[in-house]
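Colleague: I have a structure I would like to understand better, so I am pasting it below and will then ask my questions one at a time.
Residue numbers (my numbering): 630 to 1061.
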């Protein structure tokens, strides 16, 4: 009975201790630690939690990192003392964090990356994109031969924002291909294969013969291409890959990120600048030039940027040197620079201030809040304007990210994305 009471007392003490510690800010920083930790090879990191608590860090096979000067599979760590982590090899490992040697706190993946060297961008680029499939941007009515009004697209459960990939099993990538197939039908109905958000749908539609021109139609307005101006973020010489914009190219009507069939980037110049104002974002108005000299292709259009390969080296007129990357833990609140083109094809360096950093374990285009402080840029553009997206952010001689969005109610402020998310989207294999 006495032993039972002692065990119960110890158990209650441990529970009380764990509850008390769990409300400690430093302990919360362990619990809220990123699911994935990116660190650079050879760069020592020190974690100082300053709490009187011990944890066990366990991995199946550790050949990547040293912790407090030791390379082993299991560590007992005193959180009241600084913990030194030194990445020795490139790769990744899974780490389990436990309290009292048995109570799981969290699991995480440690990724040791090489010190990647990038050429910074900052130059305006022209973007020409052709869609994979066609994007439904509107539904219309058709007056049939009998004089009645028909809406086959609407009746067939097609929605604006759907991406049409096949008609009767035949692949379509242009509006012309859609019209050609519909006008050569022999059946009463056609089967459309659509992608709606992330789900595939099949619908059957009965085309209607238009009284005005005698052609069969299904009442859909579709878009198969777009073009615009953006800013290059980086060029990676070893792989010839580039990243730009920091956000996706969306359809102006639906807001859908346009799927890529193929596309190209070309040189561009700034023609004029519409200055940003509160509640009214500004815009860089550019023109394409040397269009016959294609810089590169477009392989991916994602919510975190535009990516592809170049046909030539893209060097920055402002600087001919490469920069190391700065991961999110390297970024500090305070001064930084961006490279951007706001006049003709001249790349310039402008002062900004990083006002907020968001710790992230998953990709997001809103990794940090930045504020333009450069008087020249404020006078020219009013702050961040459309077309500056992709402008590389540089701090302590490292590329740490890119400009992505402007605050509608304050054009001097905007968001930036971490460079590691763009490198991941570019499929630059950092583990090689």
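Here a beta-carbon is modelled for each residue, glycine too, at the ideal position from N, C-alpha and C. The structure displayed is predicted, hence computed values, not measured ones.
At 4 residues or longer, what runs of the alpha helix (DSSP H) sit wholly inside the segment 758-843?
Modeller: 781-784 and 804-812
Colleague: First and last residue of the beta strand (DSSP E) that includes residue 706?
Modeller: For the purposes of this step, residue 706 is identified with residue 77 of the chain shown, where counting begins at 1. First-last of the beta strand (DSSP E) with residue 706: 703-707.
Colleague: Mapping the DSSP letters down to three states, classify residue 867 as helix, strand or coil.
Modeller: As a first step, residue 867 must be located in the chain shown, where it is residue number 238. Residue 867 falls in the coil class under three-state DSSP.
Colleague: Please name the residue in 803, 755 and 679 whose C-alpha comes closest to that of residue 894.
Modeller: Here residue 894 refers to the residue found at position 265 when the chain shown is read from its first residue. Nearest of 803, 755 and 679 to residue 894, Cα basis: 755.
Colleague: Go through its chain and collect everything with a Cβ distance to residue 802's Cβ below 8 Å, but skip five positions before and after it.
Modeller: Against the chain shown, residue 802 aligns to sequence position 173. Counting only Cβ-Cβ distances below 8 Å, and skipping sequence neighbours, we find 759, 760, 761, 762, 763, 853 and 890.
Colleague: Indicate whether the contact test is met: 3 or more Cβ pairs, each with one atom in the segment 719-736 and one in the segment 919-929, closer than 8 Å.
Modeller: no
Colleague: Over what stretch of residues does the beta strand (DSSP E) that includes residue 746 continue unbroken?
Modeller: Translated into positions along the chain shown, residue 746 becomes position 117. It spans 746-749 - the beta strand (DSSP E) in which residue 746 sits, taken as one unbroken run.
Colleague: In three-state DSSP terms, what is residue 941?
Modeller: Taking the chain shown and counting its residues from 1, one reaches residue 941 at position 312. Three-state result, residue 941: coil.
Colleague: Between which two residues does the alpha helix (DSSP H) harbouring residue 1048 extend?
Modeller: Start at 1 with the first residue of the chain shown, and residue 1048 comes out as number 419. Looking at the DSSP string, the run of the alpha helix (DSSP H) that includes residue 1048 is 1048-1054.
Colleague: Where residue 665 and residue 849 are concerned, what is the direct C-alpha to C-alpha distance, given to the nearest angstrom?
Modeller: Position 36 of the chain shown, counting from 1, holds the residue named residue 665. Position 220 of the chain shown, counting from 1, holds the residue named residue 849. When rounded, the distance between both Cα atoms is 44 Å.
Colleague: Which same chain residues end up closer than 6 Å to residue 822 when comparing Cβ atoms and leaving out the 5 residues on each side of it in sequence?
Modeller: Position 193 of the chain shown, counted from the start, is the residue given in the question as residue 822. Excluding sequence neighbours, residue 822 sits near 794, 795 and 831.
Colleague: Label residue 652 either buried or exposed according to how many other C-beta atoms from any shown protein chain fall within 10 Å of its C-beta, with 16 as the threshold for buried.
Modeller: Taking the chain shown and counting its residues from 1, the one referred to as residue 652 is at position 23. Below a pLDDT of 50, predicted positions are generally treated as unreliable, and residue 652, at 48, falls in that range; no measurement from the model is reported.
Colleague: So residue 751 and residue 976 are supposed to be a Cβ contact under 8 Å. How far apart are they, rounded?
Modeller: Stepping through the chain shown from its first residue, residue 751 is reached at position 122. Stepping through the chain shown from its first residue, residue 976 is reached at position 347. Residue 751 to residue 976, Cβ: 4 Å. Contact.
Colleague: For residue 786, which residues from the same chain have a beta carbon less than 7 Å from its beta carbon, with the 5 sequence-adjacent residues on both sides left out?
Modeller: Start at 1 with the first residue of the chain shown, and residue 786 comes out as number 157. Closer than 7 Å at the Cβ level, and outside the excluded window around residue 786, lie 832.
Colleague: Quick one: measure Cβ to Cβ for residue 859 and residue 1019, integer angstroms, because I've assumed they're closer than 8 Å.
Modeller: Residue numbering aside, residue 859 sits at position 230 when the chain shown is read from its first letter. Residue numbering aside, residue 1019 sits at position 390 when the chain shown is read from its first letter. Sure, about 5 Å apart at Cβ, within 8 Å.
Colleague: Could you tell me which residues DSSP puts in a beta bridge with residue 1018?
Modeller: Walking along the chain shown from the start, residue 1018 turns up at place 389. Note: residue 1018 sits in no beta bridge, so no partner.
Colleague: With contact counted as at least three CB pairs below 8 Å, one residue from each stretch, are the segment 703-712 and the segment 684-694 in contact?
Modeller: yes
Colleague: So, with DSSP's three-state summary, where would you put residue 1007?
Modeller: For the purposes of this step, residue 1007 is taken as residue 378 along the chain shown, with counting starting at 1. If DSSP states are grouped into helix, strand and coil, residue 1007 belongs with the helices.
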